[in-house]
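Undergrad:
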Amino acid sequence: MTHHFFLGTLSAIATSTGTYTRNGERMAHDSGIKRREIMGRRKLVTAILATIATVFSVAVLPSPALAASWKSYTKNSDWKSCGVYNNLGGVAGLAAEGCLVMRGNLVQAVTIVTNKTGNSITIYGSAALYSNGVRINWEPCADTTLSNGYSTACFGPTQSLACLDFNAQNVGDVWTNITGQHHTVYSKSRSTCT
49 MTHHFFLGTL SAIATSTGTY TRNGERMAHD SGIKRREIMG RRKLVTAILA TIATVFSVAV
109 LPSPALAASW KSYTKNSDWK SCGVYNNLGG VAGLAAEGCL VMRGNLVQAV TIVTNKTGNS
169 ITIYGSAALY SNGVRINWEP CADTTLSNGY STACFGPTQS LACLDFNAQN VGDVWTNITG
229 QHHTVYSKSR STCT
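Right under this line is the structure:
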């Protein structure tokens, strides 16, 4: 009786890679090992892509800018071209004006709000510097409570403007909880050469 060990049986030897030879063909020793390796690689790639997406969204996408605070102020000779105090929304004692602070070729837009309504109010607004009708910069000022009898100012960034007979102007925006709407205030237009 002769036994044929090579017919339909494993003929060779398992290797360190988890394969064996069957009838001269190299076969996977355990397909589960390969599946686990593939799944592990997929999880790794997914984790890497998720990390890249998170870093990209944090680093590249714009985030909300922090609004500046309203500040107390004292006018001096550098305060030029203040506009007329505008009564806001027909509310007695509530007014705003736009000004420019100028020293040499440095210009800054300032929006002022004065509250003499008899009550505290909530305000927010902005100061925007324009030169010959083109906005140069803009600064929002965060919500704040303005007590009765006080004034406060929203200062825009200081900008260097060359003396080229450009006209500078502040176009400010003010919102109050009393009026519930936005109000635009203007400084007088002024040459940056004076």
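Residues in the sequence shown are numbered consecutively from 49, following the working numbering. Cβ atoms here follow ideal geometry from the backbone N, Cα and C, with glycine treated the same way. If you're wondering where the values come from, they're calculated on a predicted model, not measured in any experiment.
Starting from the Cα of tyrosine 121, find the closest Cα among Tyr178, Cys202, Asn215 and Ser239 and give me that residue.
TA: Answer by Cα proximity: Cys202.
Undergrad: Determine contact between the region 183 to 190 and the region 130 to 150, defined as no fewer than three beta-carbon pairs at a distance below 8 Å.
TA: No, the region 183 to 190 does not touch the region 130 to 150.
Undergrad: Along the chain, where does the beta strand (DSSP E) containing leucine 148 start, and where does it finish?
TA: 142 to 151
Undergrad: What residues are listed by DSSP as bridge partners for glycine 220?
TA: Glycine 220 is bridged to Val233.
Undergrad: Do the region 123 to 133 and the region 169 to 177 touch if we need at least three Cβ pairs shorter than 8 Å?
TA: no
Undergrad: In terms of residues, what are the limits of the beta strand (DSSP E) holding aspartate 191?
TA: 182 to 194
Undergrad: Tell me whether lysine 164 sits in a helix, a strand or coil according to DSSP, three-state version.
TA: coil
Undergrad: Helix or strand or just coil, what does DSSP make of serine 117?
TA: coil
Undergrad: Alpha carbon to alpha carbon, how far is tryptophan 223 from glutamine 229? Give it in angstroms, no decimals.
TA: 6 Å
Undergrad: Write down the C-beta distance between alanine 176 and glycine 152 rounded to the nearest angstrom, noting that I regard them as a contact closer than 8 Å.
TA: Their Cβ separation, rounded to whole angstroms, is 21 Å, which puts alanine 176 and glycine 152 out of contact at 8 Å.
Undergrad: For a test of the three-state rule: what should DSSP assign to lysine 128, helix, strand or coil?
TA: strand
Undergrad: Using only the alpha-carbon positions, how far apart do serine 235 and asparagine 196 sit?
TA: So the two alpha carbons sit approximately 24 Å from each other.
Undergrad: For the putative contact between alanine 143 and asparagine 218, defined by C-beta atoms under 8 Å, what is the C-beta separation to the nearest angstrom?
TA: About 16 Å; that fails the 8 Å criterion.
Undergrad: Just to confirm the assignment, what range does the beta strand (DSSP E) spanning cysteine 202 have?
TA: 198 to 203
Undergrad: What residue range is occupied by the uninterrupted beta strand (DSSP E) comprising threonine 170?
TA: 169 to 179
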